[in-house]
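Enquirer:
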Amino acid sequence: MTTAPPAQATPQASPLSDARRLRLVGDTVQGRPEAHGSAALVGYLILVPEGTDPAQLFAEGVTRPEIRRVSYTDPPPAQETGVSVVHIDPTRHAAELDGRELDLTQMEFGLLAHLVRHPHRVHSRERLIAGIWGYDHIGDGRTVDVHIARLRRKLGRAHRHRIVTVRGVGYKYVPDPQ
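Numbering of the sequence shown is given in this note's numbering, commencing with residue -10 and proceeding in unit increments.
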């Protein structure tokens, strides 16, 4: 089951008035009488618990969850943390280590940027996959292990210890103590 905010009823609003702010992942129930409202929702996202009947999402008289717009903002400005030797510049999609730019793939950059943005926080493999690769990623947690190993190699002997393995849980980034 995917996590989402608690459902709140909004019975006065028409289900289709929110159609531009939704994204339905998967197929609509084409060809069924109750599918008349769902066709407009293709291309939008609705997070519902597993086992929910798609035909009942917008049925008359059914309490539905509050629909919220997902906002995608511009990336934050370059981070100058002062405590880290790794500097992330999301606008240039670049990472620097001790003044030299690292040669990173898109996924390596995303992984390193996420870890540096949240120092000392332990991130599970599943959470990293969902946040960086996306929920539709096909693969297992070992994908993260491989990318972490590549990142450590690119950080070099002097800095590879900054990405710490927390056995049985995941990974965290530990900047220089100052």
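In this text, a Cβ means the ideal position worked out from N, Cα and C, and glycines have one as well.
What you are looking at is a predicted structure, and each value in this text was computed from that prediction instead of being measured.
Taking a contact to mean a Cβ-Cβ separation below 8 angstroms, would you say residue 159 touches residue 105 in this structure?
Expert: Cβ distance not < 8 angstroms, so residue 159 and residue 105 don't count as in contact.
Enquirer: Closest by CA to residue 141, which one among 131, 153 and 109?
Expert: Ranking 131, 153 and 109 by Cα distance to residue 141 puts 153 first.
Enquirer: Could you check how far apart the C-beta atoms of residue 97 and residue 139 are, in whole angstroms? I think they sit under 8 angstroms.
Expert: The pair is a contact, with the Cβ atoms about 6 angstroms apart (cut-off 8 angstroms).
Enquirer: May I ask you to report which of helix, strand or coil DSSP gives residue 242?
Expert: Outside the shown range of the chain, which is -10 to 167, sits residue 242, and nothing can be said about it.
Enquirer: For residue 88, write down the residues that DSSP places opposite it in a beta bridge.
Expert: DSSP lists no partner for residue 88.
Enquirer: Could you give the residue range of the beta strand (DSSP E) that holds residue 163?
Expert: From DSSP, residue 163 is part of no beta strand (DSSP E); its letter is neither H nor E.
Enquirer: Report the residue from 149, 157, 107 and 101 whose alpha carbon sits nearest the alpha carbon of residue 122.
Expert: Out of 149, 157, 107 and 101, 101 has the C-alpha closest to the C-alpha of residue 122.
Enquirer: According to DSSP, is residue 83 part of a helix, a strand, or is it coil?
Expert: DSSP places residue 83 in strand when its eight states are reduced to three.
Enquirer: Compute the Euclidean distance between the alpha carbons of residue 163 and residue 149, then round it to the nearest angstrom.
Expert: Looking at the two C-alpha atoms, the distance is approximately 10 angstroms.
Enquirer: For residue 91 and residue 82, what's the separation of their Cα atoms in angstroms?
Expert: For residue 91 and residue 82, the distance between alpha carbons rounds to 11 angstroms.
Enquirer: According to the Cβ coordinates, are residue 173 and residue 109 closer than 8 angstroms?
Expert: In the structure displayed, the chain extends from -10 to 167; residue 173 sits before or after that span and is not available.
Enquirer: Is the distance from the Cβ of residue 144 to the Cβ of residue 86 below 8 angstroms?
Expert: Yes. Within cutoff.
Enquirer: In whole angstroms, give me the CA-to-CA distance for residue 136 and residue 49.
Expert: If I take the Cα positions, the gap works out to 48 angstroms.
Enquirer: Using the Cα positions of residue 155 and residue 95, report the straight-line distance between them to the nearest angstrom.
Expert: Going by the C-alpha atoms only, they are around 24 angstroms apart.
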